[in-house]
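Protein chains in written order, with my numbering: chain A, 1 to 412; chain B, 1001 to 1412. These notes are about the structure you will find just below.
2 protein chains.
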Amino acid sequence: MNPKVEIFSQGEEVVTGQVADTNAAWLSQQLVAMGFSVSRHTAVGDKISDLISLLKEIASRADCCICTGGLGPTTDDLTSEAVGKAFDLPLQFDEIALQQINGYFQQRNITMPEVNRKQAMLPQSSIRLDNEWGTAPGFCLQYQHCWFVFLPGVPYEMQHLFTEKVQANLQTRFALQAEKLVALRTFGIGESALQENINQLTLPEAVTIGYRAALDEVQVKLLFPHHFDENLTAEITQKIAAEIGDYVFAIAEPDKPAGDLVAVIGELMNTTAQTLAVLETASQGLIAAKCIGHDWLLESSYKNNVCAMTGSPPKDCQSFLFATAQEMGKSLRISSGASFALVQLYDNKHNFSNKNQPITLYTVLLTANGFCQHTKTVSGTSQRKQNQAALFALDLLRRFLQQKESLCPYYD
Amino acid sequence: MNPKVEIFSQGEEVVTGQVADTNAAWLSQQLVAMGFSVSRHTAVGDKISDLISLLKEIASRADCCICTGGLGPTTDDLTSEAVGKAFDLPLQFDEIALQQINGYFQQRNITMPEVNRKQAMLPQSSIRLDNEWGTAPGFCLQYQHCWFVFLPGVPYEMQHLFTEKVQANLQTRFALQAEKLVALRTFGIGESALQENINQLTLPEAVTIGYRAALDEVQVKLLFPHHFDENLTAEITQKIAAEIGDYVFAIAEPDKPAGDLVAVIGELMNTTAQTLAVLETASQGLIAAKCIGHDWLLESSYKNNVCAMTGSPPKDCQSFLFATAQEMGKSLRISSGASFALVQLYDNKHNFSNKNQPITLYTVLLTANGFCQHTKTVSGTSQRKQNQAALFALDLLRRFLQQKESLCPYYD
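Structure (structure tokens):
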């Protein structure tokens, strides 16, 4: 059993939604990678009674708790006081803490405001965590079965303190056995279709499968126990990847992270020194925008009046729009001098802003030897259609670069 | 006393830190604005025992609870089951829910996967919340003293359901006395500079001022008590807006919501029936992408080789890049037939991907009578530079349209 850790965030700005609790997310990632099991996040504001009862609750549930926030100098910073009351540990003045806080201000040629003196008051028997990145020292202490670590809420200070002063200590204090996480990153297939494919496979019970749908991809997450056989890990991963098929654009492993769809394309474009020109319609600049930082994108353009056919498409809309896109792609490839031209058109322009009506995308990739193309239907708000359009266009390029050639039969 | 609401998020992706819990932040903002007091956020993973105990805890503490996540079709989606067990409400098959889920797939020409049938099982006596934006219906129910609302975890679906199906119901169910929130939406000025300006004003003690820095704007939030005098509210708002100056692009009031920068521009473009053509460099498609759904954008293009000057700029870089941009803008305005041409160039291309080095943007807006221009320095990652570049370009157009004429002295 992995040790159970909880994350506790203090701050009115968190509970009132002025900021998303990115500290909790960041800490959880580190802790999971170390081999902890994160069981709960809780955020409360600056009511001292809420803080006290939460600290007691956590002490009764978890093996470890990382708390952020509430260590500042102002009256709404109540963490130390709450710890003192919850665990019956009077606050004590810490001379070294005060020197460090003083030093922080001296370095900036400022006289320490009197309010900051409060930050040198730490609960009896706690261990001070020196903060070289701000004024609030952290501290840690054992209460009953639970090891508590208190860190400032400023993300930059919190991350430095955790990485440089807390992590190694946790590793000696707990017997941690990190699980191995493999993520199959897919695009173009839904969460439930993925699950139906994978459910047909028989997998060892020790392997856990999870799914995560994000805006730009769906991930299949495989969790292998710490001592799980490496060959078997690779075999299972490959078996699942094969079952999902060409939708998998990358496989991320602990020692081999994988980028997103554009990063995967970027690596293949750079390796083969190829370049791209794009004509966008439904995606309206978003294909180019997603390729920020990639020099192989030579040019991209969007024109309102070639967007799409208005009115109802003619009967053979498919062959008509594909033929048009192919012609445009040929010209663009020549005029731009790029290795590839990517052109996307769509039908039923009047449906674009109607979230209840779909549009159909006709995407063509022109290469040195011919072209590949596909048609996809997307629905939802304008923003969703735009994003899906950009991703489907990029995914056609990815499939070509990864030599899923069965998808590109249309060679001259 | 404001009614006490808690936010409960279900999902391994939240507790393991793969995503920050932006749902909790978004919901809290809405609820605070409605007059609730948000007392706690909790996130747990997909252990059914954790879910059950959390539901019982919340029922004993809060007047209302909004839960997100765990309504999907897969085996790790356990919210309905947990509700059934925690509150002793057997799950019942809902025929209308199944029809809607089926309809969602039919619209996309897909046969409903069998796993999705599970989403039509709802706790006995709960009220179904029809989800027109995805497959998972939400539901709500009273348990003891607490009103529970269960929503899907996909932010887009959750936000739509909350706004269109939940909010009005909460307003009739609870005696809410919302404070009046006025938000001054600004672009181009930092949080601390705003604060320094505003700190010089004397305001009634009952008015609370907050600041929120988002990616695309900084908001100054004024909270007026429920019964605060309306004329005085308007007077104070105007006084602060005047102090901030032209950075304010919109003022949002409870009965007069205001869109984002692009929405503000869109309204002005449509009222005056004007059109736009854009040449993008640092923004690489993002100006066009942000204008999705707006027909007044006639065209936009990005070309890698006109991006910027490489190497060190010459001494009079400013006049050089501005002159070039003006020439390009004149041609673009004529070739596109648009009312306005917006051209942006930047110097020091080799700094673009270096997050420790800034670039300087030269943006020119060509109009029927001449041009306006500005230069701005942006720093940070490629993504941040790209986004700021797009916003500064759009903001030049906004300032012109709002007739901040002092900014556009360069008429032929």
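Cβ coordinates follow ideal geometry from the N, Cα and C atoms, glycine included. Since we're looking at a predicted model, the values are computed, not measured.
Original post:
Apart from the five residues on each side of it in sequence, which residues of its chain come closer than 8 Å, Cβ to Cβ, to B/Leu1161?
Top reply: Excluding residues up to 5 positions away in sequence, Leu1129, Asn1131, Trp1133, Gly1138, Leu1151, Pro1152 lie with their Cβ nearer than 8 Å to the Cβ of B/Leu1161 in the same chain.
Original post:
Do you know how far the Cα of B/Gln1386 is from the Cα of B/Leu1401?
Top reply: Approximately 23 Å, taken between the alpha carbons.
Subject >> Distance, B/Leu1055 Cα to A/Leu424 Cα >> reply: In the structure as shown, chain A begins at 1 and stops at 412. Residue 424 of chain A is therefore absent and cannot be evaluated.
**OP:** State buried or exposed for A/Tyr156, treating a residue as buried only when at least 16 other CB atoms are found within 10 Å of its CB.
**Re:** By the Cβ-count criterion, A/Tyr156 is exposed, with fewer than 16 other Cβ atoms from all chains shown falling within 10 Å of its own Cβ.
Original post:
Counting contacts by CB-CB distance shorter than 9 Å, is B/Asp1295 in contact with chain A?
Top reply: For B/Asp1295, the answer is yes, since a Cβ of chain A falls inside 9 Å of its Cβ.
Subject >> Span of the alpha helix (DSSP H), counted from its first residue to its last, around B/Thr1022 >> reply: 1022–1034 is the span of the alpha helix (DSSP H), which, as asked, contains B/Thr1022.
Original post:
Does DSSP classify B/Arg1108 as helix, strand or coil?
Top reply: Assigned with DSSP and collapsed to three states, B/Arg1108 falls in coil, not helix or strand.
Original post:
What residues in its chain sit with their C-beta under 6 Å from that of A/Ser339, if we drop five residues either side in the sequence?
Top reply: For A/Ser339, same chain residues with a beta-carbon under 6 Å away, outside a window of 5 residues either side, are Gln274, Thr275 in chain order.
Subject >> Proximal chain A residues relative to B/Arg1040, where beta-carbon distance stays under 9 Å >> reply: Simply Val15, Thr42, Ala43, Val44, Gly45, Asp50, Leu54.
Subject >> Test: B/Val1166 CB closer than 9 Å to a CB of chain A >> reply: So, not an interface residue.
Subject >> Spatial distance of B/Lys1290 from A/Asp21 (CA atoms) >> reply: Roughly 26 Å separates the two Cα atoms.
Original post:
Residue range of the beta strand (DSSP E) that B/Phe1320 falls in?
Top reply: Per DSSP, B/Phe1320 lies in no beta strand (DSSP E); the unbroken alpha helix (DSSP H) holding it starts and ends at 1317–1336.
Original post:
Which two residues bound the contiguous alpha helix (DSSP H) that contains B/Thr1271?
Top reply: For B/Thr1271, the enclosing alpha helix (DSSP H) starts and ends at 1261–1271.
**OP:** Can you pull the chain A residues whose beta carbon is under 8 Å from the beta carbon of B/Lys1303, in chain order?
**Re:** At a C-beta separation below 8 Å, B/Lys1303 has these neighbours in chain A: Leu298, Glu299.
Original post:
Whose Cβ in chain A lies nearer than 8 Å to the Cβ of B/Asn1109?
Top reply: Residues of chain A passing the Cβ test: Thr377.
Original post:
With 16 as the cutoff for other CB atoms within 10 Å, does A/Leu215 come out buried or exposed?
Top reply: Per the 10 Å Cβ criterion, exposed.
Original post:
Is the beta carbon of A/Thr363 less than 9 Å from the beta carbon of A/Leu332?
Top reply: Contact check for A/Thr363 against A/Leu332 fails: the beta carbons are separated by 9 Å or more.
**OP:** Would you tell me roughly how many angstroms separate the C-alpha atoms of A/Gly17 and B/Tyr1104, rounded to the nearest one?
**Re:** Computed Cα separation, rounded: 32 Å.
**OP:** Closer than 7 Å by beta-carbon distance: list the chain A residues that pair up with B/Trp1026, in chain order.
**Re:** Here the neighbours are Gly17.
**OP:** Determine the direct distance from the alpha carbon of B/Val1378 to that of B/Ser1037, and round the result to whole angstroms.
**Re:** Their Cα atoms are separated by approximately 38 Å.
**OP:** Starting from A/Ile287, find everything on chain B with Cβ-Cβ shorter than 8 Å and list it in chain order.
**Re:** Gly1285, listed in chain order.
Original post:
Sorry if obvious, but does the Cβ on B/Leu1051 come closer than 8 Å to a heavy atom of the ligand FMN?
Top reply: The ligand FMN is not among the ligands present in this structure, which contains no ligands whatsoever.
Original post:
Going by the beta-carbon positions, is the gap between B/Ser1382 and A/Gly285 smaller than 9 Å?
Top reply: Taking 9 Å as the Cβ cut-off, B/Ser1382 and A/Gly285 do not qualify as a contacting pair.
**OP:** Compute the Euclidean distance between the alpha carbons of A/Met34 and A/Leu27, then round it to the nearest angstrom.
**Re:** Going by C-alpha positions, A/Met34 is about 11 Å away from A/Leu27.
**OP:** Please confirm if the region 170–177 of chain A is in contact with the region 185–204 of chain A, defined as three or more CB-CB distances below 8 Å between the two stretches.
**Re:** Cβ pair count under 8 Å is below three, so no.
Subject >> Nearest neighbour of B/Glu1045, chosen from B/Gly1069, B/Cys1064, B/Ser1060, B/Ala1024 [CA to CA] >> reply: For the record, residue 1045 of chain B in the displayed sequence is Gly; it is not Glu. Considering only alpha carbons, the answer is B/Gly1069.
Subject >> Every unbroken alpha helix (DSSP H) within the region 1126–1208 of chain B, with a cutoff of 4 residues, ordered by chain >> reply: Scanning the region 1126–1208 of chain B from its first residue to its last, the whole alpha helix (DSSP H) runs of 4-plus residues come out as 1155–1161, 1167–1173, 1191–1199.
Original post:
How about A/Thr135: is its C-beta nearer than 9 Å to some C-beta of chain B?
Top reply: Chain B, which has no Cβ nearer than 9 Å to the Cβ of A/Thr135, makes this no.
Original post:
Does any CB atom of chain B fall closer than 9 Å to the CB of A/Leu161?
Top reply: No, because no Cβ of chain B sits closer than 9 Å to the Cβ of A/Leu161.
**OP:** Look up B/Tyr1411 in the DSSP assignment and say whether it is helix, strand or coil.
**Re:** Reliability of the predicted coordinates at B/Tyr1411 is poor, the pLDDT of 48 falling under 50, and no value is obtained from them.
Original post:
Mind pulling the beta strand (DSSP E) runs of 3 or more residues that sit fully within the region 1043–1100 of chain B?
Top reply: Annotation note: the region 1043–1100 of chain B contains the following uninterrupted beta strand (DSSP E) runs of length 3 or greater, listed N- to C-terminal: 1064–1068, 1091–1093.
Subject >> Partner residues on chain B for A/Ile292, Cβ-Cβ distance less than 7 Å >> reply: Chain-order list of chain B residues neighbouring A/Ile292: Gln1284, Ser1382, Gln1383, Gln1386, by C-beta distance under 7 Å.
Subject >> DSSP three-state assignment for A/Leu374, whether helix, strand or coil >> reply: Leu is not the amino acid found at residue 374 of chain A; the sequence shown has His there. A/His374 falls in the strand class under three-state DSSP.
Subject >> DSSP three-state assignment for A/Ile240, whether helix, strand or coil >> reply: Three-state DSSP puts A/Ile240 in a helix.
Original post:
Which bits of chain B does A/Gly210 rub up against, with CB to CB less than 7 Å?
Top reply: Simply Glu1012, Asp1076.
Subject >> Limits of the alpha helix (DSSP H) - the one that A/Gln386 falls within >> reply: According to the DSSP assignment, A/Gln386 belongs to the alpha helix (DSSP H) that extends over 382–401.
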